[in-house]
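Each residue of the sequence shown is one higher than the one before, starting from 47 at the first, in the working numbering.
I have placed the structure first, in the form of structure tokens, so that the comments after it can refer back to it.
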Amino acid sequence: MRCWLKTEEMALEELMQRLNAVSQCADEIMHQDIIPLYAADIQDQLKKQFAYLSGGRGGDGCPVITFPDYPAFSEIPEKEFQNVLTYLTSIPSLRDAGIGFILVIDRRQDKWTSVKASILRIAASFPGNLQLVLVLRPTGFFHRALSDIAFKFGKDEFKMKVPIIMLGSVSELQGYIDKTQLTEDLGGTLDYCHNRWLSRRTAIEGFAQKVKQTAQILQSFGTELAETELPNDVQSTSSLLATHTEKKDKMKEDIRVAVEQGDDILGSITKPVTENPEYKLNQDQLDNQTTVERLLAQLHETETAFDEFWIKHQQKLEQCLRLRNFEQNFREVKAALDIVSERLSAFTDVGNSRSHVEHILKDLANFEEKSCETVAKARLLASEGDAFIQSNHYAVDSIIPKCTELHHLCDAFTTETERRRNHLNKSLELHDLLEKSMKWCDEGIYLLASQPVDKCQSQDGAESALQEIEKFLDTGAGNKIKELNKIYREYAHILNEDLKDHVQKVFQKQESMEEMFQKRQISLKKLAAKQTRPVQPVAPRPEAFVKSPCTSPGLQREYVPNSESSALRRVNYRRGKSEMTDLHQSRGGSTMDDEENLAVLRQHVINELIETERAYVEELLCVLEGYAAEMDNPLMAHLISPELQNKKDILFGNMEEIYHFHNRIFLRELENYVEYPELVGRCFLDQMEDFQIYEKYCQNKPRSESLWRQFSDSVFFQECQRKLDHKLSLDSYLLKPVQRITKYQLLLKEMLKYSKNCEGAEDLQEALTSILGILKAVNDSMHQIAITGYDGNLNELGKLLMQGSFNVWTDHKKGHAKVKDLARFKPMQRHLFLHEKAVLFCKKREENGEGYEKAPSYSYKHSLNMAAVGITENVKGDAKKFEIWYNAREEVYIIQAPTPEVKTTWVNEIRKVLTSQLQACREASQHRTLEQTQSLPLPLPASSCASPSRNHIRNTKKMEEKKADLTSLEGCVTTVAPKYPEKGKGWAKPSHSLDASEENDGWSSAEEPLNSSDAEEEGGGGGGEMKLTPGKYTVVTDYEKGVSEEFTVKSGDLVQLIREGEDGLWYVKNLSTGREGWIPANNVLMLIGNSKSAQSLSSSESGTASSTLSTSSSCSDSCNVSSTSFSDIKG
47 MRCWLKTEEM ALEELMQRLN AVSQCADEIM HQDIIPLYAA DIQDQLKKQF
97 AYLSGGRGGD GCPVITFPDY PAFSEIPEKE FQNVLTYLTS IPSLRDAGIG
147 FILVIDRRQD KWTSVKASIL RIAASFPGNL QLVLVLRPTG FFHRALSDIA
197 FKFGKDEFKM KVPIIMLGSV SELQGYIDKT QLTEDLGGTL DYCHNRWLSR
247 RTAIEGFAQK VKQTAQILQS FGTELAETEL PNDVQSTSSL LATHTEKKDK
297 MKEDIRVAVE QGDDILGSIT KPVTENPEYK LNQDQLDNQT TVERLLAQLH
347 ETETAFDEFW IKHQQKLEQC LRLRNFEQNF REVKAALDIV SERLSAFTDV
397 GNSRSHVEHI LKDLANFEEK SCETVAKARL LASEGDAFIQ SNHYAVDSII
447 PKCTELHHLC DAFTTETERR RNHLNKSLEL HDLLEKSMKW CDEGIYLLAS
497 QPVDKCQSQD GAESALQEIE KFLDTGAGNK IKELNKIYRE YAHILNEDLK
547 DHVQKVFQKQ ESMEEMFQKR QISLKKLAAK QTRPVQPVAP RPEAFVKSPC
597 TSPGLQREYV PNSESSALRR VNYRRGKSEM TDLHQSRGGS TMDDEENLAV
647 LRQHVINELI ETERAYVEEL LCVLEGYAAE MDNPLMAHLI SPELQNKKDI
697 LFGNMEEIYH FHNRIFLREL ENYVEYPELV GRCFLDQMED FQIYEKYCQN
747 KPRSESLWRQ FSDSVFFQEC QRKLDHKLSL DSYLLKPVQR ITKYQLLLKE
797 MLKYSKNCEG AEDLQEALTS ILGILKAVND SMHQIAITGY DGNLNELGKL
847 LMQGSFNVWT DHKKGHAKVK DLARFKPMQR HLFLHEKAVL FCKKREENGE
897 GYEKAPSYSY KHSLNMAAVG ITENVKGDAK KFEIWYNARE EVYIIQAPTP
947 EVKTTWVNEI RKVLTSQLQA CREASQHRTL EQTQSLPLPL PASSCASPSR
997 NHIRNTKKME EKKADLTSLE GCVTTVAPKY PEKGKGWAKP SHSLDASEEN
1047 DGWSSAEEPL NSSDAEEEGG GGGGEMKLTP GKYTVVTDYE KGVSEEFTVK
1097 SGDLVQLIRE GEDGLWYVKN LSTGREGWIP ANNVLMLIGN SKSAQSLSSS
1147 ESGTASSTLS TSSSCSDSCN VSSTSFSDIK G
């Protein structure tokens, strides 16, 4: 840096010296150092032409100055006169001016007095040396004579040190000065134009000034460049270089213009010679030519000096700019290296399986590939810095440390990457060894499990099995772990706690397997020993086994020994043992082998479950990192079409949520059951709620697949697939969650198959049922989202319980909106959706398309509120049909299922919904009735002999019995109607007989409950049904129908049953209010259920009424009113 500054100072000093010399030389050329006067300054005075320098020369080269005839010569101001003479005498060269000037004074047209005055004025004011003065005297006779006499006698008056010669004619003048050196007005041939001369002199002097100014400007510019402080950033340095370059270009342009100006002047001087080679320039022209040529030489010298200085200055600026770029790139590259080094430091995981390690190695390779660009930039930058050092950059002291640091960081990154790769390769090697050992163990366990017990009972079979075992054990040399400590030493640098535990578990498994082989070998060797007599092997009878739960593979079931197998064991296992003990052990070998086989199979299932779970988690992670994350990568944004942007949530759904659940929770929980596979059902049950996330994923799958089909050819997906080195495209991996959730039930079935007598069998069965339930819910939800045309919110209908396609016939009793509803001989194809609060009828429409777009949609037709629905379970003539009826059979839908089993499933599910609604409403109603009964005693008829207090106690007791019966009914209602008629409901009293309940299978939730269709067809209910008879009765409960036409009764009113009509209706008169009307028989039974005049309907001995169950659509309201109105009143 110091060397550079010194060099720059020397360059500036040299430039200043050369430019100063140019300025001085220009002044010398123009004689401005002696007389600083320019033609432009006195141009008006020179134009008067009272004196001029024609360029002529005397015999010895003396310059000739001519004073032409100028009448107003005496009127010229002295200052102007002095300026003109001074300027004219400064034009010739110093050598010529030193010889002296010849003055030619032309006064041929003047008077002598004027001549005398002119000579005296010239003699007094002439600034140069004079060699000769030639005067052309007046041509008039008188003035001529007078001049001769006056000059002869008054010569001393002329104060000149040179001779003054009076000439009478131009011919005499030519005797002193050659004709060629005289202008035409003096009889000579010299070509002279005063205006041309004045213009040329002005141009030459202007050019000289231009040369001098250029040198001065370049001096200032050079000083400015040298004194400019170098910036510290790239932008400012680039701006400074551009500014200085712009100024330099302007200077060069000025110099070019000046050179053109000088060339033009020189061309105009030499133009006559160019046009006429015989033309000879006069001395004055030759002097002008020499002057211009010298000025041009000085100008070229100025340009050369500046160019040399600029090259050095530009080199300094460019080096500064490269340095600033180097420093900026260094900062960026160092930051990038720090980032990649930090990311590299995150590769601390050595993997928990071979596939995991391979995935990490692939990630490391991808990371290294992406980081190669950064490292390459760093190395290139370091090479660039080395080049600066080699080229003697002025900032070498600053560059060397940065280059050293870059080399160090690159080498450190490469070394650390290689170290990480070596660790992972070592981990891969270890996992290969572990997997070989585990595979060998699994094959060994499978071998033990696959050896038939019966065949091993014979000597040949035992020897054959023994050979198989020995042959298998020989394969363990290259597969099993030999020394655990050696493994610890060899892989100490990668063994973390988890991996160490894994190694220990594998080694323990290997030891356990070898121990099992040893036991089997001992057993087989005993069986292979020669027997004294042939023995018929007897398989153990099933009843000989005592089943006990298995808590782990090490626990076997006990058995009752059979004496018939005593001949199978001839060797005593231990001294002092009795023969019975030997027989017991011999017989128990078969049972132990069975349990070992089951344990091996369970272990196979749990291993498959865990390994496939690990692979599943890794595949999800691969998709999320390789596809989903790349959609947010700015470097990949140019590959994503605008229509695909911001569609990640649609394409991948909640896959990230699924991944986190399996990676953080489920996989870790599964690994805890590797030693106790029969208990894995508890793991599924503990996490069952989390599996609901698959429903959301599956519901989004149609949208995801549709989006994939639109953009499956996208360059983005192809690039991601190439980076991941996947053979299958993304859609195959998007299907993985759907495949996985269906895989669990298969594995659970397998595990349950081999764990039927173990401790966790119940949990396995429950887990299997739950998983199947989730699959059903997922399947149902996939159909539900395909429903179109429903105005409401499907979520408000409650949980979707069932869905399926049926043949449907309709039968409406009260009016028809359409003619086609009058009769339907052909069934409608309808897809039914059973929710907790409604059943939806939809028309299935097949769609054209691919994948999920080919899935059907369901056009909504109508729905039935479950609060007003009843069912008839059996329809005569077809075991696959059942009825759903609405509003007391005003609307009846005959449903034909595909199979009787489907029908049974739907009927049971609908029954559960109706029962749950009935139960909830009944409990609320009975609770309110009980409160009313306790607060107000019921009115009694006049014939009653019981006291009010006794009636009150009896009624209270009955209400408590009702409540108890309802409580006992919870969860077990099948086709039995409510035990008591409750307020606001038309429930008929059922029989306690199971036979009666089996005969009656009609279920209702209509607002006006009627007997079931089955009851009508079969002639009524059971044999214990109460028969209504005309008479007077006391109302025991309130009832309100809530329609415009009211028949209101209150508790305690006296009503009279007059006669029975059609359709199970009774004509009733309220004796308290006088109103009359038709009332359904079921409602009558409810109203008079506690009346003394009728058969008691509240005792346990009463028979069955209608078998119809119903819940009112307004049961919640009816539980809060005190009066009842009936709408179905006829007459």
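Don't be surprised by glycine CBs; every beta carbon is placed ideally from N, CA and C.
Quantities reported herein were computed from a predicted structural model and do not represent experimental measurements.
Secondary structure at Glu349: helix, using DSSP grouped into helix, strand and coil.
Under the three-state reduction of DSSP output, Gly102 falls in the strand class. Around the CB of Ser215, fewer than 16 other CB atoms lie within 10 Å, so the residue is classed as exposed.
Apart from the 5 residues on each side of it in sequence, Tyr906 sits with its Cβ closer than 7 Å to the Cβ of Ile833, Thr834, Gly835, Tyr836, Leu886, Cys888 in its chain, given in chain order.
Counting only the Cα atoms, Leu264 lies some 47 Å from Ala118. Going by C-alpha positions, Ile941 is about 40 Å away from Ile1104.
Between the C-alpha atoms of Phe393 and Asp478 there is a straight-line separation of about 20 Å.
Within the stretch 716–767, the runs of alpha helix (DSSP H) that reach at least 4 residues and sit entirely inside it are, in chain order, 726–732, 739–757. With 16 or more other CB atoms across the displayed protein chains lying within 10 angstroms of its CB, Tyr1079 is buried. Comparing alpha-carbon positions, the option among Leu1111, Tyr133, Ala661 lying closest to Tyr705 turns out to be Ala661.
If the five residues before and after Glu703 are omitted, its C-beta is found closer than 7 Å to the C-beta atoms of Ile739, all from its own chain and listed in chain order. Counting along the chain, the unbroken alpha helix (DSSP H) around His402 starts and ends at 400–436.
Around the beta carbon of Ser437, fewer than 16 other beta carbons sit within 10 angstroms, so the residue counts as exposed. When the beta-carbon positions are compared, His359 and His439 stay at least 9 Å from each other.
Per DSSP, reduced to three states, the secondary structure at Ser851 is strand. With respect to the 9 Å criterion, Gln556 and Glu516 are not classified as neighbours on the basis of their beta carbons. Judged by DSSP in its simplified three-state form, Val1081 adopts coil rather than helix or strand.
For Ile446, same chain residues with a beta-carbon under 7 Å away, outside a window of 5 residues either side, are Ile435 in chain order. Counting along the chain, no beta strand (DSSP E) covers His477; the unbroken alpha helix (DSSP H) around it starts and ends at 442–496. Secondary structure at Lys1115: strand, using DSSP grouped into helix, strand and coil. The beta carbon of Phe147 sits closer than 7 Å to those of Cys108, Pro109, Ile111, Thr135, Gly174, Asn175, Leu176, Gln177, all from its chain and outside the five residues before and after it, given in chain order. If you compare the alpha carbons of Arg167, Gly105, Asn471, Ile211 with that of Arg183, the shortest gap goes to Ile211. The secondary-structure analysis by DSSP pairs Pro1126 across a beta bridge with Leu1111. If you compare the alpha carbons of Arg786, Ala813, Lys789 with that of Leu798, the shortest gap goes to Ala813.
A Cβ-Cβ distance of about 10 Å is found for the pair Lys883 and Leu910, leaving them out of contact under the 8 Å criterion. Around Phe712, the same chain offers Gln733 as residues with beta carbons nearer than 6 Å, after the five sequence neighbours per side are excluded. Non-local C-beta neighbours of His877 in its own chain, meaning closer than 6 Å and more than five positions away in sequence, comprise Ser851, Cys888, Lys890, Tyr904, ordered along the chain. Secondary structure at Asp152: strand, using DSSP grouped into helix, strand and coil. In this structure, Leu818 lies away from Gln785, with their beta-carbon atoms at least 9 Å apart.
Runs of the beta strand (DSSP E) spanning 3 or more residues and lying entirely within the stretch 203–235 occur at 210–213, in chain order. By the Cβ-count criterion, Gln63 is exposed, with fewer than 16 other Cβ atoms from all chains shown falling within 10 Å of its own Cβ. One Cα belongs to Met912, the other to His405, and the distance between them is close to 54 Å. Taking the C-beta atoms as reference points, Gly234 is found nearer than 9 Å to Gln227. Judged by their CB atoms, Leu342 and Val303 are not nearer to each other than the 9 Å cut-off. Counting every other CB atom within 10 Å of its CB across the protein chains shown gives Ala249 a total of 16 or more, marking it as buried.
Secondary structure of Tyr932 (DSSP, three-state): strand.
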